[in-house]
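So the sequence shown is numbered by this note's numbering: it starts at 8 and just counts up by one. Working notes, structure below.
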Amino acid sequence: MPFFNKSRRKNVRYPVLWSAELDVRFSDLRARWPVTVTNFSALGALIQSETIFARGRMLIGLVDPPAMALVVTMPDDPVRLDSQIRWYRLDGATSRFEIGIAFNDEEPETAAGMDRLLESLRAAGARPPGLCARLKNRLLSAAPATRPA
8 MPFFNKSRRK NVRYPVLWSA ELDVRFSDLR ARWPVTVTNF SALGALIQSE TIFARGRMLI
68 GLVDPPAMAL VVTMPDDPVR LDSQIRWYRL DGATSRFEIG IAFNDEEPET AAGMDRLLES
128 LRAAGARPPG LCARLKNRLL SAAPATRPA
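Structure below.
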């Protein structure tokens with residue numbers, strides 16, 4: 008699987024700790040709940056959530072998946088990124104779901120929001136991968152979620 012791993016990592020991933028919301032819209036239902044973004048790149052993000060259900064409906068593995076967006080709070084206004092769940096797993100240590108999402112960068116609003124978030128990371132001097140796992144785990148367990156610059 009070396010080819011698969013290489014293609015997945017073409018874009019820089021930034022370790023982050025952001026408060027956000029997952030906005031889910033089925034044809035007859037809309038739900039929104041808080042999530043934490045822990046990893047961010049131009050292609051997608053890793054988020055943590057208490058659930059993968061919207062009022063009893065599972066968000067992944069459906070023939071007709073819901074419209075979904077990650078809404079990241081910024082100082083001036085929120086950034087809405089149209090997205091889709093690619094995978095999830097339950098973290099036994101925290102009893103929270105880790106969810107891998109991919110962004111739909113064909114939407115102009117998503118592309119513009121992506122540019123704003125990546126620029127804020129670069130301006131803040133965010134370091135791409137290299138943050139050791141032990142430090143990342145300590146940050147995730149001890150610090151409250153923060154907003155991007």
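Cβ coordinates follow ideal geometry from the N, Cα and C atoms, glycine included. None of these values were measured; they are calculated from a predicted model.
With distance defined between alpha-carbon atoms, name the residue in E126, V42, F47, A61 nearest to A109. F47
Notebook entry, point to check: If you draw a straight line from the C-alpha of G107 to the C-alpha of Q55, how long is it?
Noted result: 9 Å
With a threshold of 16 other CB atoms inside 10 Å of the CB of P73, please say whether the residue is buried or exposed.
buried
Which of the three DSSP states is assigned to T58 in this structure? coil
Worksheet item: In whole angstroms, what is the alpha-carbon distance linking E105 and R32?
Response: 20 Å
Mark A27 as exposed unless 16 or more other C-beta atoms lie within 10 angstroms of its C-beta, in which case mark it buried.
buried
Using a 10 Å radius around the Cβ and a threshold of 16 neighbouring Cβ atoms, would you call L88 buried or exposed?
buried
Alpha-carbon to alpha-carbon, A76 and L29:
6 Å
key: Three-state class that DSSP yields for V23 in the structure shown   = strand
### Query
Where S90 and N111 are concerned, what is the direct C-alpha to C-alpha distance, given to the nearest angstrom?
5 Å
*Same chain, Cβ closer than 8 Å to D96, five either side skipped, listed in chain order*: What sits at residue 96 in the sequence shown is Arg, not Asp. If we look at R96 and ignore the five residues flanking it on each side, its Cβ neighbours are F104, E105.
Review point. If you check the beta carbons only, do V79 and L124 fall under 8 Å apart?
Key: yes
May I have the straight-line CA-CA distance separating T117 from P85, to the nearest angstrom?
-> 12 Å
Check this for me: beta carbons of V23 and V42, under 8 Å apart or not? no
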